Amino acid sequence: MLFKLCSRILPLLPPATSHQLMISNLDWMTTMGWHKDCCHMPQEDPTVVMGIRFPNAVGLAAGMDVNADCVSAFGALGFGHIEVGPVCPTAQGIRTANDCVRIKPRQALVDATPSSSCGVEQTLRNLRSADCFHLRGGILGINIEKNSVTAVENCVNDYLFTFKQTYAKADYFCINLTSTEARTTHLLHSEAILTGLLSALRDERSRLISEHDQPYKPIAVKISPDLSDDQLLRLADTVLSLNMDGIVGTSASNDCSVIEGLSNDAGLLSGRPLSERTTHCVARLTEHLGSQLPVIASGGVMTPNDVVEKLQAGASLVQLYSGLVYQGPSLVAECVEAAAGWRREHAQI
Ligand SMILES: Cc1cc2nc3c(=O)[nH]c(=O)nc-3n(C[C@H](O)[C@H](O)[C@H](O)COP(=O)(O)O)c2cc1C
């Protein structure tokens, strides 16, 4: 009852306030079992992607559990994987009430600020919150980013630092090639920077495996929905040639002008308006890559039908963000069940 009430009240508060309230209370509420009023744990629907067994095809996208405060609590809502972060080397940014805006009639979110992070050290402490989730087979992704004070040209050390520090904790990594800070696909401005970064991560992974006996951890690259088809496919080839393991398509969009009254640079746009573009990107990528690299769909997954649409376009997994904000926690099990139904029908299991 109380959980249901909270799900009704939170959307009435400013997004950053409701986000903070949710993150501060989700853990104890799920420990008390109050979430069971409005959502249930879906049956497992295992799938192997990037060499990892995911308990189901639906995950939580980056930017929600930024500091890994309540991984197991989100897991209790039914997610098969949770991507925490962005994790930056040192703490930066504090969210305020006006940072993110809901455009309710369009089921959209516009985020206008650079990423916040409590830094690697604190995130590692918080990651104890993932133990219970891990124990029941949940998959932990770590989304890493540079600090906003670090120039793009010098970003490699920031990424490497976080990568090394968190390597033992992650099941997979995600590198977001779009930036809330510059509101631009900054790493793509220079193919040399992108290649330098991804090959440094690949080489560091080899070193951790050979010198420190660490297991192989897949690295996925998250791309912008604002790329032209040519740019998209060129980027896919680069990612493949650098031994990356997957593509997350897509992040939020720089193009807010699709919302009446918003200028292009109002922030980064997420939610329903992204859905068509994301499906297009997933379809182009999977056509182009075949079975060489899996694609994880993120962007505009607001209903179980959207999940089916992304799987039909070729996605191996899907992630939720705005859908959870607008539809509430019951969406998670509904999406897992829609994915399981679709996969059964298409004999992928
Ligand atoms: C407030 C906010 C912050 C976000 N921060 C990040 C981030 O730091 N790193 C990242 O890879 N994606 C970030 N995202 C993008 C989401 O992970 C997701 O890819 C995007 O919102 C599209 O999915 P949706 O339409 O389901 O919301 C953020 C999204 C929002 C709304």
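Residue numbers 0 to 348, in numbering that gives the first Met the number 0, belong to the letters of the sequence shown in order. Note that the Cβ used here is the ideal one computed from N, Cα and C, for glycine as well. Bear in mind that the values here come from a model prediction, so they are computed numbers and not experimental data.
If only complete runs of 4 or more residues are kept, the region 304 to 341 shows the alpha helix (DSSP H) at 321 to 326, in order along the chain.
With a cutoff of 8 Å on beta-carbon distance, Ile143 and Tyr158 are scored as near each other. The alpha-carbon separation between Ala332 and Glu152 amounts to approximately 42 Å. Less than 8 Å divides the Cβ of Thr122 from the Cβ of Asn66. No Cβ-Cβ contact shorter than 8 Å links Ala251 with Ala282. For Ala296, the uninterrupted beta strand (DSSP E) segment begins and ends at 294 to 297.
When the beta-carbon positions are compared, Pro328 and Gly299 stay at least 8 Å from each other. With fewer than 16 other Cβ atoms from the protein chains shown falling within 10 Å of its own Cβ, Ser227 counts as exposed. For Arg127, the closest of Ser115, Ile295, Asp26 by C-alpha to C-alpha distance is Asp26. Given a length threshold of 4 residues, each whole run of the alpha helix (DSSP H) inside the region 110 to 195 is given here in chain order: 118 to 125, 130 to 134, 154 to 165. Counting along the chain, the unbroken beta strand (DSSP E) around Gly248 starts and ends at 245 to 248.
Secondary structure of His39 (DSSP, three-state): coil. Between Val57 and Val317, the beta carbon gap of about 6 Å places them in contact (Cβ cut-off 8 Å). When C-alpha distances from Leu241 are compared across Leu108, Leu292, Leu4, the shortest belongs to Leu292. A distance below 8 Å between beta-carbons, with the five flanking residues on each side excluded, links Trp341 to the following residues of its chain, in chain order: Val306, Val307, Leu310, Gln311. By the neighbour-count criterion, in which a residue is buried when 16 or more other Cβ atoms sit within 10 angstroms of its Cβ, Lys35 is exposed. When the five nearest sequence neighbours on each side are left out, the beta carbons in the same chain lying within less than 7 Å of the beta carbon of Cys280 are those of Pro224, Leu231, Gly248, Thr249, in order along the chain.
Ranked by how close their Cα comes to the Cα of Asp130, the residues Ala75, Asp110, Cys154, Ala111 have Ala75 in first place.
If you keep only unbroken beta strand (DSSP E) runs of at least 3 residues inside the region 18 to 92, you get 46 to 48, 51 to 53, 57 to 59, 80 to 86. From the listed residues Asp254, Asp264, His287, the smallest Cα separation to Arg276 is found for Asp254.
Between Lys145 and Cys173, the alpha-carbon positions lie close to 13 Å from each other.
For Pro85, the CB contacts under 8 Å within the same chain, skipping 5 residues up- and downstream, are Ala61, Gly62, Val65, Ser114, Ser116, Asn142, Ile143, Glu144, Asn175 in chain order. The residues Ile208, in chain order, have a CB closer than 8 Å to that of Pro214 in the same chain once the five nearest residues on each side in sequence are set aside.
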